[in-house]
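**Q**
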Amino acid sequence: PTTKKTENEFFCNICQCAVSSSGDKNQSLHIEGKNHQKSLMFYKNLLEQWDRSVHVTGVKSNVLEQEFIDYFNQYGTFKKYFFGRNKGGYAIIEYESKFSAEKLLALDQVHIVSNCP
1 PTTKKTENEF FCNICQCAVS SSGDKNQSLH IEGKNHQKSL MFYKNLLEQW
51 DRSVHVTGVK SNVLEQEFID YFNQYGTFKK YFFGRNKGGY AIIEYESKFS
101 AEKLLALDQV HIVSNCP
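The sequence shown begins at 1 in UniProt numbering and counts up by one.
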């Protein structure tokens with residue numbers, strides 16, 4: 001998670017900070033530190049969330065939110081979702097499992113909700 005910035009400094013890509021490179025000890029101390037571990041956990045959780053999520057485009061304004069939910073629930077249980085019908089016709093669905101998102105994406109087809117492709 002670090003890259004060498006200068007002869008005397010490394011840059012932590014996770015924490016977005018410079019770490020003195022006077023010996024490997026400073027780099028190890030930083031990586032084992034609470035702030036770094038907290039940031040690392042945040043990014044791991046974010047990546048897992050992305051793996052479980054699907055971005056749906058072309059959501060028509062006349063599609064009812066409940067119809068949309070019922071349709072996409074057939075692929076798995078939602079953890080949460082965002083229905084941005086008024087902001088360009090899209091939705092983001094986060095499933096509880098990565099498998100559900102992969103199952104939906106593997107179909108590689110246009111999904112029709114409420115006769116509105």
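From the three backbone atoms N, C-alpha and C, an ideal C-beta is built for every residue, glycine too.
Keep in mind it's a predicted model, so treat the numbers as computed, not measured.
Straight-line CA distance for V54 to F42?
**A** Counted from its first residue, the sequence shown places residue 54 at position 54. Counted from its first residue, the sequence shown places residue 42 at position 42. If I take the Cα positions, the gap works out to 20 Å.
**Q** To the nearest angstrom, how far is it from the Cα of S96 to the Cα of I31?
**A** The residue labelled residue 96 in the question sits at position 96 within the sequence shown. The residue labelled residue 31 in the question sits at position 31 within the sequence shown. Note that residue 96 corresponds to Glu in the displayed sequence, not to Ser. Computed Cα separation, rounded: 30 Å.
**Q** Give the DSSP bridge partners of A106, in chain order.
**A** On the sequence shown, position 106 is the one that residue 106 refers to. DSSP output for A106 lists no bridge partner at all.
**Q** Should S20 go down as buried or exposed, given a rule of 16 or more other Cβ atoms within 10 Å for buried?
**A** Taking the sequence shown and counting its residues from 1, one reaches residue 20 at position 20. The residue in question, S20, is exposed, as its Cβ has fewer than 16 Cβ neighbours within 10 Å.
**Q** What are the uninterrupted segments assigned as alpha helix (DSSP H) that are 4 or more residues long and contained completely in the region 10–49, given in chain order?
**A** Counting only runs of 4 or more, we get 24–32.
**Q** What span of residues does the alpha helix (DSSP H) with E65 cover, start to end?
**A** Within the sequence shown, the letter at position 65 stands for residue 65. Per DSSP, E65 belongs to the alpha helix (DSSP H) from E65 to N73.
**Q** Do D69 and L40 have their C-beta atoms closer together than 7 Å?
**A** Along the sequence shown, read from residue 1 onward, the residue named residue 69 stands at position 69. Along the sequence shown, read from residue 1 onward, the residue named residue 40 stands at position 40. At residue 69 the sequence reads Ile, which differs from the Asp that was named. Contact flag unset, no.
**Q** Return the chain-ordered list of same chain residues with a C-beta closer than 8 Å to the C-beta of K79, the five sequence neighbours on each side being excluded.
**A** Residue mapping note: residue 79 aligns to position 79 of the sequence shown, counting from 1. Excluding residues within five positions, the ones whose Cβ falls inside 8 Å are R52, E94, Y95 and E96.
**Q** Quick one: using the 10 Å Cβ neighbour count with 16 as the cut-off for buried, is L104 buried or exposed?
**A** Position 104 of the sequence shown, counted from the first residue, corresponds to residue 104. Buried: at least 16 other Cβ atoms inside 10 Å.
**Q** What does the alpha-carbon distance come out to for the pair T57 and E102?
**A** The count along the sequence shown starts at 1 and reaches residue 57 at position 57. The count along the sequence shown starts at 1 and reaches residue 102 at position 102. Taking the straight line joining both Cα atoms gives about 17 Å.
**Q** If I'm right that G84 touches Y75 with Cβ under 8 Å, what's the distance once you round it to whole angstroms?
**A** Locating residue 84 in the sequence shown gives position 84, where the first residue counts as 1. Locating residue 75 in the sequence shown gives position 75, where the first residue counts as 1. The Cβ separation is near 19 Å, so there is no contact.
**Q** Kindly give me the distance between the Cβ atoms of H111 and Y71, rounded to whole angstroms, as I take these residues to be in contact under 8 Å.
**A** Counting from one through the sequence shown, the residue named residue 111 turns up at place 111. Counting from one through the sequence shown, the residue named residue 71 turns up at place 71. The Cβ separation is near 7 Å, so the contact holds.
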